Amino acid sequence: MAEVLVVVENGVKKVTLEMLTIARGLGSVSAVVFGDADTAKLGEFGAEKIYTASGEDVDGYLVAPKATVVAELVKRVQPAAVLLASTQEGKEIAARLAIKLDNGLLTDAVGLDADGTATQAIFAGSAIVKSKVTKGLPIVTIRPNSVTPEPSAATPAVEELTVAASDADKLTKVVERVAEQKGSRPELTEAGIVVSGGRGVGNADNFKLVEELADLLGGAVGASRAAVDSGYYPHQFQVGQTGKTVSPQLYVALGISGAIQHRAGMQTSKTIVAVNKDAEAPIFELADFGVVGDLFKVVPQAADEIRKRK
């Protein structure tokens, strides 16, 4: 059975486990890890082999050396497919890899069949299509929270790769790394529950209401572009076409009208709940459950009910 390469970036995340789950339906799973490998976790979810690549040539530069490492590995093992996360880094590695191999590329897949046919949301999420690479092997980036990770224990063999970055790979050097401070909330793109606020929240102080509901539900906080542009919440929490794409089990939209740009970043959520005082707001066309009302009355009542059940 041919190998399926799963590229792991910045540690084992939930999307990594999702990719390992998908990969098992395509072939023998092999993880490609840059840096230290969590062998136990990768093996728990089906990795039969782990390729590791580390050193200054990987750590000291941006993604170009990583793409070179994966390209050389693809040429050597001739895998059935290569899966990467639909993150900023994952997409860049995938794009560089496709160019190096003169290969087709599919991005933001929410599903992948055994024959390499991907399910994608396109045109800002207004249509769902089935796509397939017609030249080369399937190189596919997977949108986080697309599938439920399922363990399948394996004992992986570990092989260390030789990193030989070219001069062209070293044109952009990392001169400093600053660790982003993280709170107790889950990372936005990894969260199973997301509570987002829009222009209807009114101001930055009122976003405490959004945060409170998110914390009660154990979820992450998001924001629409209108809220971000108005200075209500930091840009890194923006959900939408020009922000982050999320696909949680539950998405709560508070004071969000539902413009197509926002819908593109969240409409694959499993269950969508919307609260808006405008009964004609486009978000209600997408919502599974909608409340027409003042969010400043609805949300505190919902928060009280959640507290009673804890």
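Take any residue in the sequence shown, count from 1 to its spot, add 8: that is its number in the numbering used here.
Glycine is no exception: its CB is placed at the ideal position from the N, C-alpha and C atoms.
Model, not experiment: these values are computed from the prediction.
From the listed residues 128, 214, 97 and 144, the smallest Cα separation to residue 138 is found for 128. Per DSSP, the beta-bridge partners of residue 284 are 300. Here residue 277 is buried: its Cβ has 16 or more other Cβ atoms, across all protein chains shown, within 10 Å. Per DSSP, the continuous beta strand (DSSP E) segment holding residue 168 begins and ends at 165-168. Annotation: residue 39 to residue 71 spans about 17 angstroms, alpha carbon to alpha carbon. Straight-line measurement puts the Cα of residue 17 at about 16 angstroms from the Cα of residue 115. Secondary structure note for residue 26: its alpha helix (DSSP H) is the uninterrupted segment 22-31. At the C-beta level, residue 20 and residue 46 come within 8 angstroms of one another. DSSP places residue 53 in the coil class of the three-state scheme, outside both helix and strand. In the displayed model, residue 144 falls within coil according to three-state DSSP, outside both helix and strand. Considered as a whole, the stretch 108-162 harbours 114-120, 126-130, 135-139 and 147-150 as its complete beta strand (DSSP E) runs of no fewer than 3 residues, in chain order. Rounded to whole angstroms, the separation of the alpha carbons of residue 31 and residue 12 is 6 angstroms. Between residue 172 and residue 69 the beta-carbon gap is near 13 angstroms, outside 8 angstroms, which marks them as no contact.
Counting along the chain, residue 234 sits inside the alpha helix (DSSP H) bounded by residues 233-237.
Annotation for residue 202: 227, 228, 230, 254, 256 and 259 place their beta carbon closer than 6 angstroms to its own, counting only its chain and skipping 5 residues before and after.
By the CB criterion at 8 angstroms, residue 251 and residue 284 fall outside the cutoff. Counting only the Cα atoms, residue 98 lies some 17 angstroms from residue 60.
The shortest CA-to-CA distance from residue 121 to any of 88, 199 and 177 is the one to 88. Within 10 angstroms of the beta-carbon of residue 233 lie 16 or more other beta-carbons, which makes it buried. Shown here, residue 264 sits in coil according to DSSP, grouped into three states, outside any helix or strand. Here residue 205 carries a strand assignment [DSSP, helix/strand/coil]. In this structure, residue 76 and residue 177 form a Cβ contact; the two beta carbons are roughly 5 angstroms apart against a cut-off of 8 angstroms.
A distance below 8 angstroms between beta-carbons, with the five flanking residues on each side excluded, links residue 269 to the following residues of its chain, in chain order: 132, 233, 248, 249 and 250.
CA-CA distance, residue 291 to residue 33, rounds to 35 angstroms. When DSSP states are grouped into helix, strand and coil, residue 258 belongs to the strand group.
At the C-beta level, residue 51 and residue 194 stay beyond 8 angstroms of one another.
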